[in-house]
Amino acid sequence: MKEVVVLGAGYAGLKTVVLLQKKLKNNVHITLVDRNNYHYEATDLHEAAAGTQSASRITYPISDVINPQITTFIQDEVVKIDPDKKTVKLAGHEELLHYDYCVLGLGFVSETFGIPGAEENALPMTNVKEALAIYDHIIAKMKDYRTTHNPDDLQIVICGGGFTGIELAGALVDARASYAKIAGVSPDEIKITLIEASTRLLPMFSEKLAEYGVNLVKSLNVQLLDGSRISKIEPGKVIYKHGDDDEESLNAGIIIWTTGVSGNPLMEECGFDAKRGRVIVTDHLTDPKHDDIYIIGDVAAVMPPDGKRPYPTTAQIALAMADYTAEDIVSRIKTGKHEAKPFTYKSLGTVASVGNTRAFGEAMGHELRGYPASAMKKIIADRSLLETGGLKELFAKGRFDLYH
Ligand SMILES: Cc1cc2nc3c(=O)[nH]c(=O)nc-3n(C[C@H](O)[C@H](O)[C@H](O)COP(=O)(O)OP(=O)(O)OC[C@H]3O[C@@H](n4cnc5c(N)ncnc54)[C@H](O)[C@@H]3O)c2cc1C
0 MKEVVVLGAG
10 YAGLKTVVLL
20 QKKLKNNVHI
30 TLVDRNNYHY
40 EATDLHEAAA
50 GTQSASRITY
60 PISDVINPQI
70 TTFIQDEVVK
80 IDPDKKTVKL
90 AGHEELLHYD
100 YCVLGLGFVS
110 ETFGIPGAEE
120 NALPMTNVKE
130 ALAIYDHIIA
140 KMKDYRTTHN
150 PDDLQIVICG
160 GGFTGIELAG
170 ALVDARASYA
180 KIAGVSPDEI
190 KITLIEASTR
200 LLPMFSEKLA
210 EYGVNLVKSL
220 NVQLLDGSRI
230 SKIEPGKVIY
240 KHGDDDEESL
250 NAGIIIWTTG
260 VSGNPLMEEC
270 GFDAKRGRVI
280 VTDHLTDPKH
290 DDIYIIGDVA
300 AVMPPDGKRP
310 YPTTAQIALA
320 MADYTAEDIV
330 SRIKTGKHEA
340 KPFTYKSLGT
350 VASVGNTRAF
360 GEAMGHELRG
370 YPASAMKKII
380 ADRSLLETGG
390 LKELFAKGRF
400 DLYH
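Under numbering that gives the first Met the number 0, the residue at position 361 of the sequence shown is numbered 360, and the numbers go up by one with no gaps.
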């Protein structure tokens, strides 16, 4: 009987478990560990932060997809992986976990790039608790405004105008009227500002498509300060520099941090050869020094054949890595060898939402705008729900409002 320990029930870890359960009925026991007893769709966090989706809509219980005859789920915090002793230590369990194969899918954390005050004075958005904290803070500020009449309470600043910042701005626009009602003001008094260092936003898209996206966001009364480098965050204040100009500042009651993410710092802490929480993995998605450890999802850096820069970390590649890992583990359990061909990846495209009914992106070589893009975004999310959560989660949490 082989023991497979999977750490993290995000896109990468949970799909690996679901596939292993389907492919291996005997000769294996799986232990899955996550700090939460639910899986969350990280790609929808901005909607929970804005309040346009409830947390329950973007999560489902891990127990829904676990086959208890093969898999044991442990809700706990992973604190140490010892690759030499082949053990995992959890915060709340004395006993160590032992494995034949370990799958690390511990995901991403917020990256502040050492900008002073960012950690203390801006709200990150990398998991459900953080997304709900943002929503609670927005609502508290809107309520405060009724007594303070301080316009800063109505000012929302998103630090970082990348993919996540743009999607968040779109969701906030959708919720603007409801915030205004709470504050007792008109919707256009709720100011939404994106601050971004680069002047070429959304580099994953062609120049024309990125321009379309940026103009779409601006047309929704979102102020964009591009070419603006954030130098410091003070309580209620973002300090930035536009080109060679003097420093400027923007007061805001709500400051949200979406400048970027890195892989889980546990990777470095456990002695893996990681940079910003990511390990450059082998062709079989294993740790270069430990062939029994698979490193997948946002903690992995996968080099494309041209070998220049790793593929961007996305849910899409995390799911593809899970497919590969499950297949490779099955072949090793059955034959003792890596029978799967080296991992290869081809992106199916990327679509960014700007609220519930607006989107733009590229899928299977075609650029999409407007309604087809928005429908495609929901279809992509539904497919991922179906593949990992099955029909039950698809029907309970899927996006079927395709026509609008
Ligand atoms: C707002 C937003 C929009 C996005 N949109 C897209 C998109 O449109 N398309 C796309 O492809 N990608 C998108 N992404 C990126 C995508 O969400 C990530 O690449 C993806 O979530 C990575 O999957 P993962 O399984 O590696 O990690 P995660 O989804 O981060 O899962 C990691 C899991 O590990 C658990 N965990 C972490 N540390 C510990 C610990 N110490 N102990 C126990 N458990 C732990 C966490 O609870 C979590 O369940 C978006 C991200 C954000 C934030």
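Even glycine gets a Cβ: it sits at the ideal position worked out from N, Cα and C.
It should be emphasised that the depicted structure is a prediction, and the values quoted were computed from it without experimental measurement.
- Between Ile232 and Lys140, the C-beta gap is not smaller than 7 Å, which leaves the two residues out of contact.
- Shown here for Tyr134: same chain residues with a beta carbon closer than 6 Å to its own, the five before and five after excluded, namely Ala48 and Gly50 in chain order.
- By the Cβ-count criterion, Asp173 is buried, with 16 or more other Cβ atoms from all chains shown falling within 10 Å of its own Cβ.
- Between Ile332 and Lys21, the C-beta spacing is not below 7 Å.
- The beta carbon of His337 lies closer than 7 Å to those of His283, Asp327, Ser330 and Arg331 in the same chain, with the five residues before and after it left out.
- For Asp33, the enclosing beta strand (DSSP E) starts and ends at Val27 to Asp33.
- Bounds of the beta strand (DSSP E) holding Tyr293 are His289 to Ile294.
- The stretch 11 to 31 and the stretch 124 to 138 do not touch, with fewer than 3 CB-CB distances between them shorter than 8 Å.
- Per DSSP, the beta-bridge partners of Ser261 are Val108.
- Taken in chain order, the unbroken stretches of beta strand (DSSP E) that lie wholly in the stretch 199 to 246 and span 3 residues or more are 221 to 224, 227 to 233 and 236 to 241.
- The alpha-carbon separation between Ala179 and Leu193 amounts to approximately 19 Å.
- In the DSSP assignment, Tyr10 falls within the alpha helix (DSSP H) that extends over Tyr10 to Lys22.
- The alpha carbon of Ala351 has as its nearest neighbour, out of Phe394, Pro341, Tyr344 and Ile378, the alpha carbon of Ile378.
- If you keep only unbroken alpha helix (DSSP H) runs of at least 4 residues inside the stretch 107 to 169, you get 117 to 120 and 127 to 147.
- For the set Met320, Glu366 and Leu384, the Cα lying nearest the Cα of Gly104 is the one of Met320.
- Of Arg228, Ile191 and Leu215, the smallest CA-CA separation from Thr198 is found for Arg228.
- The beta carbon of Tyr323 lies closer than 7 Å to those of Leu284, Ala339 and Phe342 in the same chain, with the five residues before and after it left out.
- Sequence-distant partners of Pro311 (beyond 5 residues in either direction) whose C-beta falls short of 8 Å from its own C-beta, in its chain, are Met203.
- A Cβ-Cβ contact shorter than 7 Å links Glu392 with Tyr59.
- Straight-line spacing of the CA atoms in Glu94 and Val78 works out to 13 Å.
- The criterion of a C-beta distance shorter than 7 Å is not satisfied by Ile155 and Leu167.
- Between Arg145 and Glu76, the CB-CB gap reaches or exceeds 7 Å.
- The continuous beta strand (DSSP E) containing Leu6 extends over residues Lys1 to Leu6.
- Nearest to Cys269 by alpha-carbon distance, out of Leu208, Pro150, Lys88 and Glu119, is Lys88.
- About 5 Å separates the beta carbons of Glu195 and Asp225, which is inside the 8 Å limit, making them a contact pair.
- Counting along the chain, Gly388 sits inside the alpha helix (DSSP H) bounded by residues Gly369 to Lys396.
- Within the DSSP bridge table, the entry for Gln74 names Asp33 as partners.
- Counted as a single uninterrupted DSSP element, the beta strand (DSSP E) harbouring Thr86 occupies residues Thr86 to Leu89.
- Assigned with DSSP and collapsed to three states, Arg357 falls in coil, not helix or strand.
- In the DSSP assignment, Cys101 forms a beta bridge with Val4 and Ile292.
- A direct Cα-to-Cα measurement between Lys396 and Tyr10 gives close to 16 Å.
- Beta-carbon to beta-carbon, Phe112 and Thr258 are separated by about 7 Å, close enough to satisfy the 8 Å threshold.
- Bounds of the alpha helix (DSSP H) holding Val329 are Ala314 to Thr334.
- Distances taken from the Cβ of Thr313 to the heavy atoms of ligand 1 include one shorter than 6 Å.
- In this structure, Lys376 is the residue among Lys345, Glu366, Gly335 and Lys376 with its C-alpha nearest to the C-alpha of Val353.
- When the five nearest sequence neighbours on each side are left out, the beta carbons in the same chain lying within less than 8 Å of the beta carbon of Glu110 are those of Thr258, Gly259, Val260, Ser261 and Arg275, in order along the chain.
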